[in-house]
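To start, the structure under review is shown below, and the notes come after it.
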Amino acid sequence: MGRLKRATINSLSGFRFALRNEESFRQESFLFLVCLVLGFFIAPSTGWYVAMIGSILVILMTELLNTAIERLADHVTPEFHPQIGAIKDAGSAAVFCALVLAGSIWLAAFASWLGFV
């Protein structure tokens, strides 16, 4: 039980760090809270709701991993380095993919809600 408690504390510390230090994570967290409520009205079914909220969680997870990569890269070498830049760009691309996935799911759900699908 002690391991679970420590893991939970570490996870909450990670959330706290990201909320305090990462503007994009704050914005995406706000989006998550809005979507929790909005999804109730738009989701055509429970399965759709889970997929819609899950897609926003994928954005948050990807953003946290991207933040970790960027912070580690800056720690290793604070100066510009082309390979580090490429690594950071890959992390950013991963966040972009997560955003596209979530947008696609929410668009499909909205189209279904409107009766187009």
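The opening position of the sequence shown corresponds to residue 10 in our numbering, with each subsequent residue numbered one higher.
Note that the Cβ used here is the ideal one computed from N, Cα and C, for glycine as well.
Predicted model, so just to flag it, every value in this text is computed and none were measured.
Could you have a look at Pro128 and say whether DSSP puts it in helix, strand or coil?
The structure shown does not extend to residue 128, since the chain is modelled only from 10 through 126, so no value can be given for it.
Endpoints, alpha helix (DSSP H) assigned at Gly124
Translated into the one-based positions of the sequence shown, residue 124 becomes position 115. Careful: Gly124 lies outside any alpha helix (DSSP H) and carries neither H nor E.
Does DSSP put Glu31 in a helix, in a strand, or in coil?
The residue given as residue 31 occupies position 22 in the sequence shown. The answer is coil: DSSP assigns Glu31 none of H, G, I, E or B.
Same chain, Cβ closer than 8 Å to Ser121, neighbours up to 5 away in sequence not counted
Along the sequence shown, one-based indexing puts residue 121 at 112. Around Ser121: Pro53, Trp57.
Straight-line Cα distance separating Phe125 from Val109
Working through the sequence shown from its first residue, we reach residue 109 at position 100. Working through the sequence shown from its first residue, we reach residue 125 at position 116. Rounded to the nearest angstrom, the two C-alpha atoms are 20 Å apart.
DSSP on Leu64, reduced to helix/strand/coil?
One-based indexing of the sequence shown puts residue 64 at position 55. Note on residue identity: the sequence assigns Ser, not Leu, to residue 64. Here Ser64 sits in helix by DSSP.
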